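Mapped onto full-length UniProt numbering, the consecutive letters of the sequence shown carry residue numbers 1 to 628. All C-beta atoms in this analysis are idealised placements derived from N, C-alpha and C, irrespective of residue type, glycine included. Note that the structure is predicted; figures quoted are calculated from it, not measured.
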Amino acid sequence: MLRPLADPPSSSSGSRLRRPTRWLLVALSGACVCACDSGRAADEAPPPRAADPSAAAATEAAEAALGAEAAAEQAQAQAQAAELADGARASAATSTMHTMRWPLEVDEQVPAFADEARSVRLLRSIAVRARPDDSSEIVGTVARDIRTTWQRAATGPGCEGQWIELVPRGWVCDRYIEANKRGPWGVEMPRLDRGELVPGVYGRVNTEGAQSYIMQDDVLVAHRPLSGSVMVRRYGQATLPAPERAVRPEALAAKAGTKTGKDGKDGKDSKATNGGKPAAKPDADAAKPAAKTDADAAKPEGETAAKPKGGSDGEPAAASAASAEGAASAEGAAPVAAKPANAVPKTAEYWLIDRRAGEYVPASRIREFRPSEYQGVRLGDDSARALPLGFPLTRKRASSKVPVYSAAEGGRVLRRQAPREPVSVLETARDADGDAIAYRIDEGAWIRAHELRVAEAAEPPPHIEPYERWFDIDLDEQTLVAYEGTEPVYATLISTGSREHPTETGVYRIWIKFSETDMSDLASESPYSVSTVPWTQFFAKDLALHTAYWHDTFGTPRSHGCINLSPLDARFLYFWSSPQVPAGWSMAHGNVEYPGSIVRVRSSEDPEPELRGYAKRVYEARRANNPA
Numbered sequence: 001m002l003r004p005l006a007d008p009p010s011s012s013s014g015s016r017l018r019r020p021t022r023w024l025l026v027a028l029s030g031a032c033v034c035a036c037d038s039g040r041a042a043d044e045a046p047p048p049r050a051a052d053p054s055a056a057a058a059t060e061a062a063e064a065a066l067g068a069e070a071a072a073e074q075a076q077a078q079a080q081a082a083e084l085a086d087g088a089r090a091s092a093a094t095s096t097m098h099t100m101r102w103p104l105e106v107d108e109q110v111p112a113f114a115d116e117a118r119s120v121r122l123l124r125s126i127a128v129r130a131r132p133d134d135s136s137e138i139v140g141t142v143a144r145d146i147r148t149t150w151q152r153a154a155t156g157p158g159c160e161g162q163w164i165e166l167v168p169r170g171w172v173c174d175r176y177i178e179a180n181k182r183g184p185w186g187v188e189m190p191r192l193d194r195g196e197l198v199p200g201v202y203g204r205v206n207t208e209g210a211q212s213y214i215m216q217d218d219v220l221v222a223h224r225p226l227s228g229s230v231m232v233r234r235y236g237q238a239t240l241p242a243p244e245r246a247v248r249p250e251a252l253a254a255k256a257g258t259k260t261g262k263d264g265k266d267g268k269d270s271k272a273t274n275g276g277k278p279a280a281k282p283d284a285d286a287a288k289p290a291a292k293t294d295a296d297a298a299k300p301e302g303e304t305a306a307k308p309k310g311g312s313d314g315e316p317a318a319a320s321a322a323s324a325e326g327a328a329s330a331e332g333a334a335p336v337a338a339k340p341a342n343a344v345p346k347t348a349e350y351w352l353i354d355r356r357a358g359e360y361v362p363a364s365r366i367r368e369f370r371p372s373e374y375q376g377v378r379l380g381d382d383s384a385r386a387l388p389l390g391f392p393l394t395r396k397r398a399s400s401k402v403p404v405y406s407a408a409e410g411g412r413v414l415r416r417q418a419p420r421e422p423v424s425v426l427e428t429a430r431d432a433d434g435d436a437i438a439y440r441i442d443e444g445a446w447i448r449a450h451e452l453r454v455a456e457a458a459e460p461p462p463h464i465e466p467y468e469r470w471f472d473i474d475l476d477e478q479t480l481v482a483y484e485g486t487e488p489v490y491a492t493l494i495s496t497g498s499r500e501h502p503t504e505t506g507v508y509r510i511w512i513k514f515s516e517t518d519m520s521d522l523a524s525e526s527p528y529s530v531s532t533v534p535w536t537q538f539f540a541k542d543l544a545l546h547t548a549y550w551h552d553t554f555g556t557p558r559s560h561g562c563i564n565l566s567p568l569d570a571r572f573l574y575f576w577s578s579p580q581v582p583a584g585w586s587m588a589h590g591n592v593e594y595p596g597s598i599v600r601v602r603s604s605e606d607p608e609p610e611l612r613g614y615a616k617r618v619y620e621a622r623r624a625n626n627p628a
């Protein structure tokens, strides 16, 4: 059980703040699965703990009760999320959304603790409801131990006591809060240590013949094969003995004489033998030489790898014939002689990639990422920046400097401009067909059009409210501009869908935000799995604005359809856009009265895209509420 924080963490003597607990998120159906983190430092593996049996039983019972409620909330959120995302919500349910009001009119009461508390503390991670009713829409998730103030109380279905309306929005049952004499306190989710770009250490697994491992009876055994593009987060790092056999856990049980064979007969595996012949050889990962690791693989274009760390013992699978024979013995083949008593077991470095399952991957199989430090620019009077704005970028190599010429056509090279360094666009030279051929960035200084990504001012889509925050995404130029009404306030480079996975044009709305979430598509022709992606904003069921900690080629299409942002851009835009994410919230959900920001995705082929999905339903609901 997690222990509550007595006070906000603080630092002294220049020491770094320890990352607080990351909290359970409400999961999404489909392509994203939300992550949770127990709050240990990134390099610590969770140590075993002894517990008093009676206390453990009481704790287990209490957590089981809360867990059942959390599971019910999660199931409801999954259904709600899927319906809103794919447009399957029935008209009757849409009519229910029409009746919602913000703020809500309720039978207002004074909280029972009002005279003795300055704040309330959340006793567990809890879903926040739109109304004082446990069947109402979920508008967010607040982390355990966060302290916040309240607005009012009310009675309603699903809570024996009072429903408490939190600041800035949403209702929770008083069963899950306690009065606190201290003032409000919350932390930005996910929490970053000083100097961090992302809240963890990540890497790509070389999955050729790879597998992960778990500990069973103090022996490291094979857990599952890894394939496709697999990116993982390091929750801990450990030096462990190399496994003596790369076999499945049931094979280990068979060796111990248990009846766990796949055919259910006397512990024998019907696939372990073939007409009396020895079983098949162990997993290819076990006999593979250690020298061929991910570090030897070709580095994908633009991917940013950190300096290799960890042990140099290579793949920690059985590296000898005796080990392979030992695996065969476990599967029912002839036994082999035991190792000498004085033999020194081989060890290797592992990453802990799944804290709950206790799943490890050899560090030699992982190339650690170095997240991009790229960041867009603020626009407006205080920044001295305005649109149109250009970002020099060659199509051959993102890190190459871009030549600046003395004339729009021809001319000599005056200098070379740093890639992605923003420049003002003062004039555009065009050919006879009206297509841009060069841009003037200074007196007598030109950059060729194909080597400059240009963010230009654009008219807002219909139905934008005055000063409403929204995004304009240009697929041709690979740029994003953030607006407040008609005023551009931020511009940056992005990476949208590749030619094989193009991003679909449309006018969308952000409907849900996650501080961190997993993303995967294991059924596609090019399967992938990406762990704990920070600052994710979904604007369609399987499309999101999110951090890309694995590459530094912003300005070039390369995603599976999502909008890739640098860590610095993703973090800024996550907290800038709607729905707002208060301190301590790990998820925020929009609704008709409090919708997410518009995201317009356009191209030269579709310059005025149509309303889609959630954005269309919000528009229709608002029009129904205000026919005039």
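Item: Near Leu166, what residues of its chain come up, given a Cβ to Cβ distance below 8 Å and the 5 sequence neighbours on each side ignored?; Value: Val120, Val128, Val142, Thr148, Thr149, Trp150, Gln151 and Val172
Item: Can you have a look at Pro582 and say buried or exposed, based on whether 16 or more other CB atoms are within 10 angstroms of its CB?; Value: buried
Item: Assuming Val201 is part of the beta strand (DSSP E), what are its boundary residues?; Value: Val201 to Val205
Item: I'd like to check one pair, Gly485 with Pro466: are the Cβ atoms closer than 7 Å?; Value: yes
Item: So the candidates are Ala432, Met519 and Gly236; which of them puts its Cα closest to the Cα of Ser531?; Value: Met519
Item: Between which two residues does the beta strand (DSSP E) holding Gly613 run?; Value: No beta strand (DSSP E) contains Gly613, which is instead part of the alpha helix (DSSP H) from Gly613 to Asn625.
Item: Taking all protein chains shown into account, do 16 or more other C-beta atoms lie within 10 angstroms of the C-beta of Gln216, making it buried, or fewer, making it exposed?; Value: exposed
Item: Got a sec? Which residues, its chain only, sit under 7 Å from Glu60 by beta carbon, not counting five neighbours each side?; Value: Here Glu60 scores only 47 on pLDDT, less than 50, and its place in the model is too uncertain to base an answer on.
Item: On the premise that Arg191 lies in contact with Met231, defined as a C-beta separation below 8 Å, what is that separation, rounded to the nearest angstrom?; Value: In fact, because the Cβ distance is near 21 Å, the residues do not count as touching under 8 Å.
Item: Helix, strand or coil: which one does DSSP assign to Glu421?; Value: coil
Item: CB-CB under 6 Å to Ser229, same chain, minus the five flanking residues each way: which ones, in chain order?; Value: Tyr528
Item: Considering Trp550, what are the terminal residues of the beta strand (DSSP E) in which it resides?; Value: First-last for Trp550: undefined, no H or E at that position.
Item: So, at 7 Å on beta carbons, what are the nonlocal neighbours of Leu414 in its own chain, with the 5 sequence-adjacent residues on each side left out?; Value: Val404, Tyr405, Ser406 and Ala445
Item: Taking DSSP's pairing of strands, which residues face Gly380 in a bridge?; Value: Arg385
Item: Between Trp511 and Gly584, how many whole angstroms is the CB-CB distance? I'm expecting something under 8 Å.; Value: Between Gly584 and Trp511 the Cβ distance is about 21 Å, and since that is not below 8 Å, they are no contact.
Item: Do Arg509 and Val618 have their C-beta atoms closer together than 7 Å?; Value: yes
Item: Could you spell out the range, first to last residue, of the beta strand (DSSP E) harbouring Asp569?; Value: Run containing Asp569: none in the beta strand (DSSP E); it sits in the alpha helix (DSSP H), Pro567 to Trp576.
Item: Flag this pair as yes or no: are the beta carbons of Arg453 and Gln478 separated by less than 7 Å?; Value: yes
Item: So, using beta-carbon positions, are Thr505 and Asp606 closer together than 7 Å?; Value: yes
Item: Checking 7 Å against the spacing of the C-beta atoms, do Gly170 and Arg118 come in under that value?; Value: no
Item: Report the option in Val601, Ala624 and Glu610 whose CA atom is closest to the CA atom of Glu593.; Value: Ala624
Item: Given a cut-off of 7 Å on the beta-carbon distance, is the pair Val507 and Arg600 in contact?; Value: yes
Item: Please state whether DSSP places Asp174 in a helix, a strand or coil.; Value: helix
Item: For Ser364, does the three-state DSSP call read helix, strand or coil?; Value: helix
Item: For the beta strand (DSSP E) containing Ile447, list its first residue and its last residue.; Value: Ala445 to Arg448
Item: Identify whether Glu451 lies in helix, strand or coil by the three-state DSSP scheme.; Value: helix
Item: Please report the distance separating the alpha-carbon of Leu240 from that of Asp134.; Value: 47 Å
Item: Pick out whichever of Leu475, Ala154, Gln580 and Tyr350 has its Cα sitting closest to the Cα of Asp107.; Value: Ala154
Item: Measure the CB-CB distance between Ile138 and Tyr176 and report whether it falls below 7 Å.; Value: no
Item: In the DSSP output, what is Ser119 paired with across the bridge?; Value: Asn180
Item: Flag this pair as touching only if the region 486-502 and the region 365-380 have three or more C-beta atom pairs under 8 Å; answer yes or no.; Value: yes
Item: CB Gly596 to CB Leu393, shorter than 7 Å?; Value: no
Item: Going straight from the alpha carbon of Thr496 to that of Thr428, what length do you get?; Value: 25 Å
Item: Please check the pair Ser372 and Thr304, which I expect to be a contact at CB under 8 Å, by giving their CB distance rounded to whole angstroms.; Value: 6 Å
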